[in-house]
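This report refers to the structure that appears directly beneath it.
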Amino acid sequence: MPRISIRKAEKTDAHRLADIAYRAWEAGIYPLLTKQPGLREAEQRRLSQAVAETLGRIIVAEMDGIVVAWCSRSARRAYIPFLFVMPELQGNRIGSMLLRRMESMLELEGAERVQLETPADNVRAVKFYEKQGYRILALRPDGRAAHEPFMSVHLEKRLAPFYGEIDEED
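Take 1 as the starting number for the sequence shown in the UniProt record's numbering and just add one per residue.
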């Protein structure tokens, strides 16, 4: 496996991040949905907007200098709204590495728990998060697409928050 490095997202990554998100959505979620005209285009716009709105809270995984995955966090709470890995690279622990790094960042900020959600029908994702130590809290209707009978699994993981001082040397 080539070398994986993790860094903060940069503005120049935005288009690539939206593309990765869309490709992962198309491979993992789209097959579960009722096909409607314009659905793909609407999701591309939604994901591009999500990248633009959260760029400062995104970390990326690079493989040989190419961004192949990303993870974002909420601005106000310990919540991870997005974790996407290129479909052809899923199963290579890239998502695990990225998720653990985001959890570490939250621990340094004193977070005691982190939450996230994923579509209930995306069994592979639910199993992935459970393997990472998340437990299912609830099953709820997804609020994004009222036309879809879509349920989301809400998951939570207990963290080990850091309450000490952090020395930052130049």
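Glycine included, C-beta positions come from ideal geometry on N, C-alpha and C.
Taking the Cα positions, residue 132 is about 31 Å away from residue 42. The continuous stretches of alpha helix (DSSP H) do not include residue 12, and DSSP gives it neither H nor E. For the pair residue 140 and residue 152, the Cα-to-Cα distance works out to about 5 Å. Check the Cα spacing between residue 65 and each of 155, 124 and 13: the tightest is with 13. Secondary structure in the stretch 72-111: the alpha helix (DSSP H) runs of 4 residues or longer, each lying completely within the stretch, are 94-108 in chain order.
Nearest neighbour of residue 135 by Cα position, chosen from 125, 58, 122 and 154, turns out to be 154. The way I'd put it, the stretch 67-82 doesn't touch the stretch 121-130; fewer than three beta-carbon pairs between them come closer than 8 Å. Shown here, residue 23 sits in a helix according to DSSP, grouped into three states. Exposure of residue 163 is indicated by the presence of fewer than 16 other C-beta atoms within 10 angstroms of its C-beta.
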